[in-house]
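Engineer:
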Amino acid sequence: MENLLRSKEYWSVIETGYKEPSEGEQLSAVQQKALDEAKLKDLKARNYLFQSIEKSILKTITQKETTKQLWESMKVKYQGNARVKRAQLQRLRRDFETLEMKMGESVTDYFGRVMVIANDMRNCGEHMDDVKIVEKILRTLIENFNFVVCSIEESKDIDQLTVDELQSSLLVHEQKVKRKGAEEQVLKVEYDSNPGRGRGRGRGNYSNSRGRGRGRSRPESKAMIECYGCHKLGHYQYECPYSGKGVNYSEFEEGDELLLMAGE
1 MENLLRSKEY
11 WSVIETGYKE
21 PSEGEQLSAV
31 QQKALDEAKL
41 KDLKARNYLF
51 QSIEKSILKT
61 ITQKETTKQL
71 WESMKVKYQG
81 NARVKRAQLQ
91 RLRRDFETLE
101 MKMGESVTDY
111 FGRVMVIAND
121 MRNCGEHMDD
131 VKIVEKILRT
141 LIENFNFVVC
151 SIEESKDIDQ
161 LTVDELQSSL
171 LVHEQKVKRK
181 GAEEQVLKVE
191 YDSNPGRGRG
201 RGRGNYSNSR
211 GRGRGRSRPE
221 SKAMIECYGC
231 HKLGHYQYEC
241 PYSGKGVNYS
251 EFEEGDELLL
261 MAGE
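Okay, structure coming up:
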């Protein structure tokens with residue numbers, strides 16, 4: 001609000017206000033013009049305050065006649081006296097000391113929480129330079145940032161490091177961690193979707209015959225299959241029409257072995 005009023009060149013009505021002439025006092029044309037200009041500035045500044053203040057609060061302060069009186073009333077309501085400020089500052093100091101980054105919290109969100117408290121402390125008169133905030137953040141990051149914290153402490157002068165520079169460095173590291181995690185997740189999904197890849201034998205793998213080809217998948221066509229009984233192509237031994245003993249072979253799925261069953 002102060003920045004807005006200063007940019008509109010209305011801050012003078014907050015600092016000094018204007019004074020109405022006493023009863024019976026005669027003003028010159030120049031004085032009257034200056035007074036009218038001061039009143040107009042006061043009305044414009046008060047209009048900005050009325051637009052910014054909540055209606056429930058505005059009802060308690062609309063009787064103030066000048067912008068200066070309105071501003072002073074707001075200061076008393078929300079800043080209080082010196083004793084109230086000290087109590088607020090003690091609370092903010094405690095909150096600042098107990099701040100820690102949470103698991104899963106982003107760098108931007110954590111910096112936002114720290115800076116909100118730091119700025120409130122500054123508004124209460126506390127001297128908060130960048131080095132104090134930087135040291136606080138470096139010692140309260142989660143373990144994922146241990147490596148980059150050591151690198152920053154060894155390669156940079158912490159006394160000269162600004163909060164913005166620190167945040168930039170941590171954001172780069174955070175993006176690398178997220179990208180690595182995303183790549184690992186993709187690999188895990190691909191591995192889980194192909195459970196048979198890299199396995200020699202197991203459920204779902206078929207053998208081509210009694211002993212050979214164990215772990216290979218069964219060909220879809222039998223054109224190139226050689227019978228171990230008659231050594232002809234086109235069928236398995238247990239299907240061989242030239243075998244006179246009626247011996248059958250069936251597959252045992254669990255162990256991928258062949259169970260020999262004798263028939264008449």
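Counting from 1, position 16 in the sequence shown corresponds to residue 16 in full-length UniProt numbering; the numbering is continuous, with no gaps.
For glycine and all other residues, C-beta sits at the position ideal for the given N, C-alpha and C.
1. Can you tell me which of Leu-99, Thr-98, Trp-11 puts its alpha carbon nearest to the alpha carbon of Lys-68?
2. On the CB-based measure, 16 or more other CB atoms within 10 Å of its CB, does Met-224 come out buried or exposed?
3. Does the distance from the CB of Lys-44 to the CB of Tyr-18 come in under 8 Å?
4. Considering only their Cβ atoms, is the gap separating Val-134 from Ile-158 smaller than 8 Å?
5. Could you check where the alpha helix (DSSP H) with Ile-137 kicks off and where it finishes?
6. Counting only beta-carbon atoms, is Ser-12 nearer than 8 Å to chain D?
7. Counting beta carbon pairs with one atom in the stretch 119-126 and one in the stretch 145-162, are three or more of them shorter than 8 Å?
8. List the residues that DSSP assigns as beta-bridge partners of Leu-233.
9. Identify every run of the alpha helix (DSSP H) within the stretch 31-67, keeping only runs that are complete inside it and at least 4 residues long; order them along the chain.
10. Grab me the residues of Val-163's own chain with a C-beta within less than 7 Å of its C-beta, minus the 5 sequence neighbours each way, in chain order.
11. If distances are taken between C-alpha atoms only, which option among Glu-97, Ser-56, Glu-126, Leu-70 comes closest to Ala-82?
12. Among Lys-77, Arg-179, Ser-106, which has the Cα closest to the Cα of Ile-142?
13. What are the boundary residues of the alpha helix (DSSP H) that includes Gln-90?
14. Three-state secondary structure (DSSP) at Lys-8?
15. Can you tell me whether DSSP reads Cys-124 as helix, strand or coil?
16. In terms of alpha-carbon separation, which member of Leu-27, Leu-35, Ile-61 lies closest to Thr-16?
17. Between the C-alpha atoms of Leu-4 and Lys-41, what's the straight-line distance to the nearest angstrom?
18. Considering Ser-151, what are the terminal residues of the alpha helix (DSSP H) in which it resides?
19. Assuming His-231 contacts Lys-222 (C-beta within less than 8 Å), just tell me the rounded distance between them.
Structural biologist: The short version:
1. Trp-11
2. exposed
3. no
4. yes
5. 130-138
6. No chain D is part of this structure, which consists of one protein chain only.
7. Under the 8 Å Cβ criterion, the stretch 145-162 does not count as touching the stretch 119-126, having fewer than three qualifying pairs.
8. Glu-226
9. 55-58
10. Asp-130, Ile-133, Val-134
11. Ranking the options by Cα distance to Ala-82, first place goes to Glu-126.
12. Ser-106
13. 82-97
14. coil
15. coil
16. Leu-35
17. 14 Å
18. 146-155
19. The Cβ separation is near 15 Å, so there is no contact.
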